[in-house]
Amino acid sequence: RRVGEKPSAPGPVSPPARSPYAASLAASGLIEARGENVRIASQKPGVVAKVFVKVGDSVSTGTPLFQLNDRESRATLTTKEADLEALKAAILTRKVLLKDAEDQLQRGRKLREESVITEEEINRRLFAAERAKAELISAEGQVEAATAQSDLARTTLDLLTVRAPSDGQVL
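Numbering-wise (our numbering), the sequence shown opens with residue 174 and increments by one.
The structure is reproduced here in structure tokens:
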């Protein structure tokens, strides 16, 4: 070193964190936990919308660190939940239609015993009841599928908030 020359900056204490994920955001974070550095990355690609911590903060397991933009995921969740509610309402309608069709069949059978209606009318009522039952079963299956889609949308939304995996301090 020459006289008057400033000393060079020391190198990093540890190498910079590298993301193990194929797609990651353009930020890096570390939590120092029990003497070791922990890599932090989101499971979904996206733009960071909120940062909940700052350098020096102590965090406990599960503390939100940052959140990615969630507008699209929130809209998807809202749509899926609305679809689910509509399908649940359809089930109520299908139950009423089934009950009505079964009632019409019962009444028809009594009237058939008295020779008031034809066998053809009984069959028509029987087929209407069977169709109503099949439509109810189909609607119940659609509710199950919509529930799964709603749960998936909720999970995706939750993944957009990155949380501390353990107790530590934000570096």
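All C-beta atoms, glycine included, are put in the ideal place defined by N, C-alpha and C.
Remember, predicted model here, so these are calculated numbers, not experimental data.
Considering only residues of the same chain and omitting the five flanking positions on each side of residue i, which have a CB-CB separation below 8 Å?
i, result
"L278", "I295, R298, L299, A301, A302"
"K268", "L309"
"E292", "R285"
"D230", "Q342, V343"
Can you have a look at residue i and say buried or exposed, based on whether 16 or more other CB atoms are within 10 angstroms of its CB?
i, result
"A337", "buried"
"V335", "buried"
"V232", "buried"
"S246", "buried"
"G184", "exposed"
"G314", "exposed"
"L265", "exposed"
Going by beta-carbon coordinates alone, are residue i and residue j separated by less than 8 Å?
i, j, result
"A312", "L271", "no"
"S339", "V176", "no"
So residue i packs on residue j, CB below 8 Å; how close in whole Å?
i, j, result
"V228", "L325", "35 Å between Cβ atoms; not a contact."
"L257", "A319", "4 Å"
"L330", "D243", "6 Å"
Which residues in the same chain as residue i place their Cβ atom closer than 6 Å to its Cβ, once the five residues preceding and following it in sequence are excluded?
i, result
"L332", "Q216, K217"
"E275", "A302"
"K253", "Q322, S323, A326"
Could you pull out every residue in the same chain whose Cβ sits closer than 7 Å to the Cβ of residue i, ignoring the five residues on either side in sequence?
i, result
"K261", "V316"
"I290", "G281, L284"
"S187", "N210"
> Should the segment 235-246 be called in touch with the segment 211-227, which here means at least 3 C-beta pairs below 8 Å?
Replying inline: yes
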